[in-house]
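Participant: Here the sequence shown is numbered in our numbering, starting from 3 and rising by one per residue.
Cβ coordinates follow ideal geometry from the N, Cα and C atoms, glycine included.
Quick caveat: nothing in here was measured; it's all calculated off a predicted structure.
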Amino acid sequence: MCENCGCTETNQKDDVQKNSIYLPEVAKLTQKKKMTPFDSFFEFQLKDRPLGHLPGQFAEISIPGIGEAPISISSGPSKDNTFEMVIRNVGSVTNAIHALEPGESVGVRGPFGTSFPMNNLKGKNLLFITGGIGLVPARSAILYAMEHRKDYKEFFILFGCKDPSQRLFTDEIENWKKRDDIAFHETVDRKENFPWEGNVGVITTLLPKAEKLDPKETYAIIVGPPVMYKFVIMGLHDLEFPDEHIIVSLERRMKCGVGKCGHCQMDSKYVCQDGPVFYYHDIKHLKEAI
Ligand SMILES: Cc1cc2nc3c(=O)[nH]c(=O)nc-3n(C[C@H](O)[C@H](O)[C@H](O)COP(=O)(O)OP(=O)(O)OC[C@H]3O[C@@H](n4cnc5c(N)ncnc54)[C@H](O)[C@@H]3O)c2cc1C
Ligand code: FES
């Protein structure tokens with residue numbers, strides 16, 4: 003209730019203003035780099051605080067007068083006071099973000115959503131299965147696991163994209179390939195006219211690389227385009243992975259990002275709040291999930 007006259011309206015406004023989940027904070031673009039013809043890397047810095055995210059969470063990025071878009075946070079949680087994103091230029095907001103130059107600003111709300119359960123996975127093998135821009139949120143967990151390498155046993159990363167021009171974090175991937183405590187395998191759907199000596203085929207063609215992992219001791223983390231999930235999960239079932247050991251990060255259309263507008267609703271779940279990270283076991287019965 004409003005302290006002055008007892009009405010509720012003023013009080014609600016005050017609550018909204020105090021509650022930062024509705025109010026964007028200003029963040030400065032500190033670095034920008036083209037990664038593929040459509041995807042660019044962005045580093046942002048909030049004015050007064052680190053973002054404080056967990057691996058797998060997202061933030062709402064806004065451009066005044068244009069709109070807001072949910073974008074995954076790609077940096078590891080321990081990164082100084084900046085955070086990283088990779089953004090595909092597909093429409094009005096993402097186009098406006100791509101037009102920014104270092105020194106210019108965006109609005110940021112978040113971090114929001116569930117995260118990869120890195121604590122629960124301690125002592126187990128990790129198998130990341132990532133497709134295209136799905137490497138972006140997965141990278142936050144990959145960097146976390148690399149930093150806490152002793153907490154996990156075998157560490158496998160499978161990455162697939164449409165063609166060699168779509169590969170993300172190419173320099174970083176070269177370093178991952180050189181590490182002897184990580185098994186990194188990648189594939190492209192088609193090599194087109196690119197000079198590519200690597201594997202050609204969809205991401206499921208890499209699953210045999212993980213055959214040596216005991217499914218009872220391994221958690222598979224899947225992040226990629228919607229079409230990928232069904233086939234990867236079928237492949238994991240063939241390898242006898244239990245559904246409790248399959249973790250997915252789902253993407254749905256979102257507006258508020260905080261469980262208020264219903265845009266991201268999937269039966270009884272709000273992907274923005276109950277997800278985007280789910281144990282497959284918890285959502286496999288939802289018709290719209292996979
Ligand atoms: C949790 C979450 C994390 C995300 N992480 C990233 C990320 O790391 N990097 C990134 O580039 N994108 C990410 N996205 C997708 C991103 O939010 C959309 O591409 C963005 O909202 C498009 O906004 P726009 O105004 O640029 O495009 P619009 O002008 O709104 O639309 C452009 C086109 O994209 C379609 N579209 C818009 N939003 C979606 C959507 N969510 N799903 C499918 N089609 C859509 C529209 O129908 C239209 O055809 C994420 C989405 C979610 C929900
Ligand atoms: S985006 Fe509004 S409820 Fe999820």
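1) Indicate the three-state DSSP secondary structure (helix, strand or coil) for Ala201 in the structure shown.
2) What does a CB cutoff of less than 8 angstroms around Ser94 pick up in its chain, not counting 5 residues either side in sequence?
3) Would DSSP call Asp41 helix, strand or coil?
4) Hey, would you say the C-beta of Tyr24 is under 7 angstroms away from at least one heavy atom of ligand 2?
5) Kindly indicate which three-state DSSP category Met256 falls into: helix, strand or coil?
6) Leaving out five residues before and five after Asp216 in sequence, what residues of the same chain have Cβ atoms less than 8 angstroms from its Cβ?
7) Counting only the same chain and skipping the five closest in sequence on each side, list residues whose C-beta sits under 6 angstroms from that of Leu288.
8) Answer yes or no: do Val92 and Ile63 have a C-beta to C-beta separation smaller than 8 angstroms?
9) Excluding sequence positions up to five away, which residues of its chain have a Cβ less than 7 angstroms from the Cβ of Gly8?
10) Under a Cβ-count criterion, where at least 16 other Cβ atoms within 10 Å of its own Cβ denotes burial, should Gly125 be classed as buried or exposed?
11) Could you give the distance in angstroms between the alpha-carbon of Ala222 and the alpha-carbon of Asn201?
12) Quick check: what's the CA-CA separation for Val225 versus Tyr154?
13) State the Cα-Cα distance for the pair Gly105 and Glu45, rounded to the nearest angstrom.
14) What's the call for Pro66, buried or exposed, on a 16-neighbour Cβ count within 10 Å?
15) For Tyr146, collect the residues of the same chain with a Cβ closer than 7 angstroms to its Cβ; drop the 5 residues on either side in sequence, then sort them by chain order.
Facilitator: The structure says:
1) As a working note, residue 201 is residue 199 in the sequence shown. The question names Ala, yet the displayed sequence has Asn at residue 201. Correct three-state label for Asn201: strand.
2) By 1-based counting over the sequence shown, the position of residue 94 is 92. Ile68, Gly69, listed in sequence order.
3) Within the sequence shown, numbered from 1, the residue matching residue 41 stands at position 39. Reduced to three states, the DSSP call for Asp41 is strand.
4) Reading the sequence shown from its first residue, position 22 is the one you call residue 24. Result no, Cβ not under 7 angstroms from ligand 2.
5) To locate residue 256, count along the sequence shown from 1; it is residue 254. Here Met256 sits in coil by DSSP.
6) Here residue 216 is taken as the residue at index 214 of the sequence shown, counted from 1. Apart from the 5 residues on each side of it in sequence, Asp216 sits with its Cβ closer than 8 angstroms to the Cβ of Asn127 in its chain, given in chain order.
7) Counting from 1 along the sequence shown, the entry for residue 288 is found at position 286. For Leu288, same chain residues with a beta-carbon under 6 angstroms away, outside a window of 5 residues either side, are Met268, Asp269 in chain order.
8) Start at 1 with the first residue of the sequence shown, and residue 92 comes out as number 90. Start at 1 with the first residue of the sequence shown, and residue 63 comes out as number 61. No.
9) Residue numbering aside, residue 8 sits at position 6 when the sequence shown is read from its first letter. Note that Gly8 scores a pLDDT of 45, beneath 50, so its modelled location is shaky and nothing firm can be said.
10) Stepping through the sequence shown from its first residue, residue 125 is reached at position 123. Answer is exposed; the Cβ neighbour count stays below 16.
11) By 1-based counting over the sequence shown, the position of residue 222 is 220. By 1-based counting over the sequence shown, the position of residue 201 is 199. The straight-line gap from Cα to Cα measures roughly 21 angstroms.
12) The residue given as residue 225 occupies position 223 in the sequence shown. The residue given as residue 154 occupies position 152 in the sequence shown. The straight-line gap from Cα to Cα measures roughly 20 angstroms.
13) The residue labelled residue 105 in the question sits at position 103 within the sequence shown. The residue labelled residue 45 in the question sits at position 43 within the sequence shown. Roughly 11 angstroms separates the two Cα atoms.
14) Reading the sequence shown from its first residue, position 64 is the one you call residue 66. By the 10 Å Cβ count, Pro66 comes out exposed.
15) The count along the sequence shown starts at 1 and reaches residue 146 at position 144. Only Pro57, Gly78, Pro79, Met120 meet the Cβ criterion.
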